[in-house]
Amino acid sequence: MKGFSLRFRIESKLFNGYVMQPIPIVVLTVLVGIAVLYIAVSGTWETLAEMRNPAEYTASECVLTAYRCEGPIYVVTGGDGYRYHLPVKAVDEERVLEDLVESKTPVVVIYKLPTDSNTNVRDVVEMSGTDGSAIVTKEEIAAANSENTRKALLIVWSVCLVYWGLGIGCYWILCHAPEHPRLAGLLIRREFRNF
11 MKGFSLRFRI
21 ESKLFNGYVM
31 QPIPIVVLTV
41 LVGIAVLYIA
51 VSGTWETLAE
61 MRNPAEYTAS
71 ECVLTAYRCE
81 GPIYVVTGGD
91 GYRYHLPVKA
101 VDEERVLEDL
111 VESKTPVVVI
121 YKLPTDSNTN
131 VRDVVEMSGT
141 DGSAIVTKEE
151 IAAANSENTR
161 KALLIVWSVC
171 LVYWGLGIGC
181 YWILCHAPEH
191 PRLAGLLIRR
201 EFRNF
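One point on numbering: in the numbering used here, the residue at position 136 of the sequence shown is 146, and numbering is uninterrupted.
Laid out in structure tokens, this is it:
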């Protein structure tokens with residue numbers, strides 16, 4: 011019987027007793043909030059880990075056979091069977107890639123060694139002609155990758171902060187339900203209201 015009275019005491023204190031059966035609502039809201047926070051923190055941690063531990067690079071000479079744009083990256087197919095990911099903002103003009111594919115000019119591609127040995131996708135670090143002339147420099151690619159990462163992290167953290175802000179705001183509204191009955195009524199169905 012003590013468990014029942016403890017649950018009753020908790021339920022009567024959540025939302026100041028204005029919501030019936032509030033525990034599932036609170037648990038679900040907090041679990042989703044923790045998941046969103048975990049995604050934001052792990053994305054940030056992974057980005058910082060990449061900055062602290064630079065990847066190993068290797069170079070290969072190949073002929074580019076095709077390319078296509080997929081959002082913020084070009085997926086360039088090489089004659090060696092690999093697919094190279096190149097940030098769109100790092101390439102001055104799309105015509106550069108088009109000319110390389112049409113002329114079948116060999117290029118030297120410096121790329122990060124992938125962590126998964128079974129994948130044929132390579133992240134380009136630098137691309138140059140066989141004579142050493144730069145096609146896409148390391149600095150241009152680093153700047154484009156940095157901007158893409160910054161935008162992605164900004165979106166994830168914005169979603170996280172908005173979710174938690176709305177959650178706290180909704181909790182406050184439900185704790186003061188008699189003062190704000192219309193707003194509280196929008197948040198809780200009629201059968202769960204106690205105001």
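From the three backbone atoms N, C-alpha and C, an ideal C-beta is built for every residue, glycine too.
Nothing here was measured: the structure is a model prediction, and the numbers come from that model.
If I measure Cβ to Cβ from Y28 and keep anything under 8 Å in the same chain, skipping five residues before and after, which residues do I get? Once the five neighbours on either side are set aside, the close Cβ partners of Y28 are L184, C185, A187, P188, A194, R203, N204, F205.
State the DSSP-derived secondary structure class of V119, mapped to helix, strand or coil. In the structure shown, V119 sits in a strand (DSSP, three-state: E or B).
* Check whether the Cβ atoms of V111 and H95 sit closer than 8 Å, and answer yes or no. => Remark: C-beta atoms of V111 and H95 do not approach each other more closely than 8 Å.
What is the DSSP secondary structure of D133, reduced to helix, strand or coil?
strand
Cβ neighbour criterion (16 or more within 10 Å) applied to N128:
So N128 counts as exposed.
- Message: For a quick check, are the C-beta atoms of K122 and D133 less than 8 Å apart?
- Response: yes
Q: Using the Cα positions of A154 and G43, report the straight-line distance between them to the nearest angstrom.
A: 31 Å
Whole angstroms is fine: what's the gap from D141's alpha carbon to T115's?
11 Å
Could you tell me the alpha carbon to alpha carbon distance between L229 and L47, rounded to whole angstroms?
Residue 229 is absent from the structure shown; the chain starts at 11 and stops at 205.
(request) Assign I145 to one of three DSSP states: helix, strand, or coil. (result) Looking at I145 - three-state DSSP - the assignment turns out to be strand.
So, at 7 Å on beta carbons, what are the nonlocal neighbours of P97 in its own chain, with the 5 sequence-adjacent residues on each side left out? P82, I83, I151, A154, N155, N158
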